[in-house]
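For reference, the structure is listed below as structure tokens.
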Amino acid sequence: MDNTVYNPTEIEKKWRDWWEQNGIYKFDKKSKKPKFYNLVMFSYPSGNKLHIGHWYNYGPADTFARYKRLKGFNVFEPMGFDAFGLPAENYAIKHGIHPAISTKKNIEYMEKQLKAIGAMYDWDYEIDTSDPKYYKWTQWVFLKMYERGLAYQKEAPVNWCPHCQTVLANEQVTAEGECERCGTKVIKRNLKQWFFKITDYADRLLEGLDRINWPEKTKIMQRNWIGRSEGAMIEFPVKDKDLKLTVFTTRPDTIFGVTYCVVAPEHPIVKELTTESQSEEVRKYIEKTLRENEIERQSTEHEKTGVFTGSYAVNPVNGEDIPIWISDYVIASYGTGMVMAVPAHDTRDFAFAKKFNLPIKIVIKPENSSLSPEEMEDAYTESGKMVNSGDFNGMESEEFKNKIIEYFENKGIGKRHINYRLRDWLISRQRYWGAPIPVIHCPKCGTVPVPVEDLPVRLPENVDFNPKGKSPLASVPEFMNVKCPVCGGDAKRDPDTMDTFVCSSWYYLRYPDPHIDNYPFNKEMVDKLLPVDQYIGGAEHATMHLLYARFVTKMLYDAGEIRFDEPFINLFHQGTITRNGAKMSKSRGNVVNPDDFVETYGSDTFRMYMMFMGSYEEGGDWDDKGINGIHRFLARIYRLYKNYYFKDGTSREKSLSLNKRLHYTIKNVENDTERFSFNTAIARMMEFVNDTYDYIKGDINPQFFKEILDQFLIILSPYAPHLSEELWHFTGRESSVFDEKWPKYDENILKEREITIAVQINGKVRATVKIEADTNDESVKSTVLQNNRVKQYTEGKNIKKFIYIKNKIVNIVI
RNA sequence: GCGAAAGUGGCGGAACUGGCAGACGCGCUGGAUUUAGGAUCCAGUGGGAUUACCCAUGGGGGUUCAAGUCCCCCCUUUCGCACCA
Numbered sequence: 003m004d005n006t007v008y009n010p011t012e013i014e015k016k017w018r019d020w021w022e023q024n025g026i027y028k029f030d031k032k033s034k035k036p037k038f039y040n041l042v043m044f045s046y047p048s049g050n051k052l053h054i055g056h057w058y059n060y061g062p063a064d065t066f067a068r069y070k071r072l073k074g075f076n077v078f079e080p081m082g083f084d085a086f087g088l089p090a091e092n093y094a095i096k097h098g099i100h101p102a103i104s105t106k107k108n109i110e111y112m113e114k115q116l117k118a119i120g121a122m123y124d125w126d127y128e129i130d131t132s133d134p135k136y137y138k139w140t141q142w143v144f145l146k147m148y149e150r151g152l153a154y155q156k157e158a159p160v161n162w163c164p165h166c167q168t169v170l171a172n173e174q175v176t177a178e179g180e181c182e183r184c185g186t187k188v189i190k191r192n193l194k195q196w197f198f199k200i201t202d203y204a205d206r207l208l209e210g211l212d213r214i215n216w217p218e219k220t221k222i223m224q225r226n227w228i229g230r231s232e233g234a235m236i237e238f239p240v241k242d243k244d245l246k247l248t249v250f251t252t253r254p255d256t257i258f259g260v261t262y263c264v265v266a267p268e269h270p271i272v273k274e275l276t277t278e279s280q281s282e283e284v285r286k287y288i289e290k291t292l293r294e295n296e297i298e299r300q301s302t303e304h305e306k307t308g309v310f311t312g313s314y315a316v317n318p319v320n321g322e323d324i325p326i327w328i329s330d331y332v333i334a335s336y337g338t339g340m341v342m343a344v345p346a347h348d349t350r351d352f353a354f355a356k357k358f359n360l361p362i363k364i365v366i367k368p369e370n371s372s373l374s375p376e377e378m379e380d381a382y383t384e385s386g387k388m389v390n391s392g393d394f395n396g397m398e399s400e401e402f403k404n405k406i407i408e409y410f411e412n413k414g415i416g417k418r419h420i421n422y423r424l425r426d427w428l429i430s431r432q433r434y435w436g437a438p439i440p441v442i443h444c445p446k447c448g449t450v451p452v453p454v455e456d457l458p459v460r461l462p463e464n465v466d467f468n469p470k471g472k473s474p475l476a477s478v479p480e481f482m483n484v485k486c487p488v489c490g491g492d493a494k495r496d497p498d499t500m501d502t503f504v505c506s507s508w509y510y511l512r513y514p515d516p517h518i519d520n521y522p523f524n525k526e527m528v529d530k531l532l533p534v535d536q537y538i539g540g541a542e543h544a545t546m547h548l549l550y551a552r553f554v555t556k557m558l559y560d561a562g563e564i565r566f567d568e569p570f571i572n573l574f575h576q577g578t579i580t581r582n583g584a585k586m587s588k589s590r591g592n593v594v595n596p597d598d599f600v601e602t603y604g605s606d607t608f609r610m611y612m613m614f615m616g617s618y619e620e621g622g623d624w625d626d627k628g629i630n631g632i633h634r635f636l637a638r639i640y641r642l643y644k645n646y647y648f649k650d651g652t653s654r655e656k657s658l659s660l661n662k663r664l665h666y667t668i669k670n671v672e673n674d675t676e677r678f679s680f681n682t683a684i685a686r687m688m689e690f691v692n693d694t695y696d697y698i699k700g701d702i703n704p705q706f707f708k709e710i711l712d713q714f715l716i717i718l719s720p721y722a723p724h725l726s727e728e729l730w731h732f733t734g735r736e737s738s739v740f741d742e743k744w745p746k747y748d749e750n751i752l753k754e755r756e757i758t759i760a761v762q763i764n765g766k767v768r769a770t771v772k773i774e775a776d777t778n779d780e781s782v783k784s785t786v787l788q789n790n791r792v793k794q795y796t797e798g799k800n801i802k803k804f805i806y807i808k809n810k811i812v813n814i815v816i
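The first sequence stops at residue 816 when you use the working numbering, and every number in between is there.
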């Protein structure tokens, strides 16, 4: 009987050590094979260590990398740590340990866990963004931005997280108005901050999306985030005042329908617009607005409110007086913070006009109907023919849109304009654990960038890093006091550190030569290895890291530093793993701790089970018992080789069916792996193993069986690397299975000679018949009609139609 | 409110361009082997009906010889955007 026991713990340790000792995964820079840069999003070392989400990112990604290696690519698969930033710092604060120490410890632990995955990482290429050797070059990126006029300081209402005690970029505030990291409600504060001018790249960030193979939903998110809209800026003089309202509109064609204007309550111009008699009401309204939180205020369900300022603007095309209101439905930070209102053709303006009894004036008439202000229930926002629009009546509104802008431009009252929702990237943080901003403030020379040769601006270690609402570095005189590089006089350093997303916006350039110390990256290696061929990571970075990285890449391309302007050619987002149908969280108590399962089942089983649970794109639901299925499968493979690989047999015949099954498996596992359909690839391998167990029930042809099993090991190896290496050596090999070539399948072997097809009568399957593949329609028809089962149904009936889809199905209509 | 994706056995999920729905696995049932097993092997497993029949892919219509797949309406879930002028 069978007492062969699959002991993953022992096997996996053995082969990890062997791989390391023999340098199996050392990246060969000189290889002539085509390169394949397989990248996963690196992790930040917080106290939580590697969780299942990391495993789900890294395990399957490594399977893909191993597959590519067997397919003949020179695969580059590095790993590192995004070590600066809030998670690491908050962990340090909570435990009262210096972040430099806790980060180091966490990295050490996570390295161990990452090694337990058994991935092909070449650790010679490891990155730690909190290492001065790395952040020196993050500061260099800042200086490049500065040099190119893309880094600037300005005072602006910015997002402030009261818990993290720092400002945040727009991208780092959730839709609920909460801090992306800690979930605290974010408030607005007026502060002087550093920004990167990502808005300069808005159009190119849009255009580039058409050239990359990314999930469509991610592209859509980026497009929406950038929010390009075409329209016009139009000036409305204010009656009896030396003032002008400049509005942005995407519907200049509705200019004759303007019946009022609205200014955001917090806009400075409101003071000047408000008349004596309205001042009390306006003051109260502004106060009320400021008390309300941003989210409630910006909700579409929020009922319209507003107050008349007492002033009137003049419509520049017809001289009509139009009242100026303030209302919180106008956002101060978008466009100019003021709008022209056309209730007849804009739903929001319509609701406002209805509420305050403002006139509704129709200027566009739909194709086959007419509108009347009294009967309208909502605004008409489509195109149509112009009416009530002076000399332009009768013109198509779409055509008029362009005509009227030309008219504005000729008269000097407006111009064509493209507006974006995207704002500049706020990169300064009032926190300790980050790369210091390499800038010196000199009373004489102003803002002076730190000369490149003086980099890095080192983060001092002896600092009280507990957040106090201002930069911890500001209270470190040794750090702050510095001589101005220009005039040599006394000056101060900038006390802020950079957003961690700056660190991760260029790390993929550093990987190919992470130890280079005279430049941020090795140009020759970057030319060779970049852009990234496959990037795999979570979808939550759609409008953060993935947008920033593209921006920085484009900037460096413009600066002549690199030869490509899109960093990630192919992108894939893995799904999320749930448990009992719910997201894993500590509060639900349904967290899967990978270490526990790896200990009992081994990393091969753990990795493979994650891949088997569901489609990689959608994730799956974790089942503590389900993992047994994969464990049994691997143990079954183990026993198959140990007990039958060298077994004697006397059969001289090859099993045609098993051989065919092998080729079928090679083909499908190849196709499925290529499209990240790991769950079906594993199912195909299970079918193969089931078939081999059928085969060994009979007499074995030892030579043939060995060949079959050898090839199967190679296709199994990306999925269960340790087990496959073990068995590969068991068969007598001395070299690694990962130095083999992916087997080729033979389409001729896959072609069935005799096939079974279903015969339907009126769409219901009533029989199956065996036919020769590719036989002509007539002979199929006679075979089918002679079938007894078919005869029962067709006897004495009139066959109206006989449909035969080649090699697939027959349907007889009677 | 708008946009996108999805809804298939007791469960996780297959089904690539319309062509035998439920691959593969979990669980369950029965059997074999075993001192015993939560190990292994074999068989069965969508629902109903006493035998080649009927019903089944969220619900309702439709197109087609043929629909999980295409079209229309509705319901539910998840995600994204939320007054962006």
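Glycine is no exception: its CB is placed at the ideal position from the N, C-alpha and C atoms.
| query | result |
| --- | --- |
| Contained alpha helix (DSSP H) runs [length at least 4] in the stretch 624-684, N- to C-terminal order | 628-646 and 658-676 |
| Residue from 786, 759 and 764 whose Cα sits closest to the Cα of residue 775 | 759 |
| C-alpha distance - residue 718 paired with residue 687, whole-angstrom precision | 8 Å |
| Cβ-heavy atom distance, residue 605 to the ligand SAM, below 7 Å | In terms of ligand content, the structure shown is empty, and the ligand SAM therefore cannot be addressed. |
| Whether residue 392 touches residue 316 by CB criterion (8 Å) | no |
| Backbone secondary structure at residue 32 - three-state DSSP | coil |
| Complete runs of the beta strand (DSSP E) confined to the stretch 166-195 [at least 3 residues] | 168-170 |
| Distance between residue 492 and residue 445 (C-alpha atoms, nearest Å) | 8 Å |
| Residue span of the beta strand (DSSP E) that contains residue 482, given as start and end | Per DSSP, residue 482 belongs to no beta strand (DSSP E); it is in the alpha helix (DSSP H), 479-482. |
| Coil, strand or helix - residue 392 by DSSP | helix |
| Runs of beta strand (DSSP E) wholly within the stretch 717-798 (minimum 3 residues, chain order) | 756-763 and 766-774 |
| Host alpha helix (DSSP H) of residue 274 (start-end) | 271-275 |
| Any 3 or more C-beta pairs closer than 8 Å across the stretch 504-514 and the stretch 523-543 | yes |
| Same chain only: Cβ atoms within 8 Å of residue 468, ignoring 5 sequence neighbours per side | 95 and 474 |
| Stretch pair the stretch 677-696 + the stretch 736-755: three plus CB contacts closer than 8 Å | no |
| Alpha helix (DSSP H) segments (min. 4 residues) lying fully within the stretch 320-370 | 349-358 |
| Nearest-angstrom Cβ-Cβ length linking residue 265 and residue 328, presumed shorter than 8 Å | 5 Å |
| Own chain partners of residue 786 with C-beta closer than 7 Å, once the 5 adjacent residues on each side are dropped | 761, 771, 792 and 812 |
| Assigned secondary structure, residue 3 (DSSP; H/G/I helix, E/B strand, else coil) | Any reading at residue 3 must be qualified, since the residue scores a pLDDT of 39, below 50, and its modelled position is unreliable; the value itself is stated next. Coil at residue 3, not helix or strand. |
| Cβ neighbours of residue 47 in the same chain (closer than 7 Å, five flanking residues each side left out) | 83, 85, 90, 105, 108, 109 and 112 |
| Identity of the residues DSSP links to residue 237 by a beta bridge | 248 |
| For residue 88, the nearest candidate out of 611, 141, 174 and 366 (CA to CA) | 174 |
| Nearest-angstrom Cβ-Cβ length linking residue 76 and residue 30, presumed shorter than 8 Å | 6 Å |
| Between the CA atoms of residue 52 and residue 45 - distance to the nearest angstrom | 8 Å |
| For residue 257, the nearest candidate out of 503, 390 and 281 (CA to CA) | 390 |
| Buried or exposed (CB count within 10 angstroms, at least 16 for buried), residue 346 | buried |
| Of the residues 486, 706, 480 and 211, the one placed nearest residue 573, counting alpha carbons only | 211 |
| Span of the beta strand (DSSP E) around residue 163 | 153-163 |
| DSSP bridge partner residues for residue 813 (one or two, in chain order) | 762 and 805 |
| Segments of 4+ residues assigned as alpha helix (DSSP H) that fall wholly inside the stretch 12-56 | none |
| Meets three-Cβ-pair contact criterion under 8 Å: the stretch 369-386 and the stretch 271-289 | no |
| Per-residue DSSP class, three states only, for residue 473 | coil |
| Touching by the beta-carbon criterion (3+ pairs, under 8 Å), the stretch 689-701 and the stretch 636-643 | yes |
| Coil, strand or helix - residue 144 by DSSP | helix |
| Residues near residue 583 by beta carbon distance below 7 Å, same chain, minus five either side | 623 |
| Given residue 487 as reference, the closest of 336, 448 and 479 once Cα atoms are compared | 448 |
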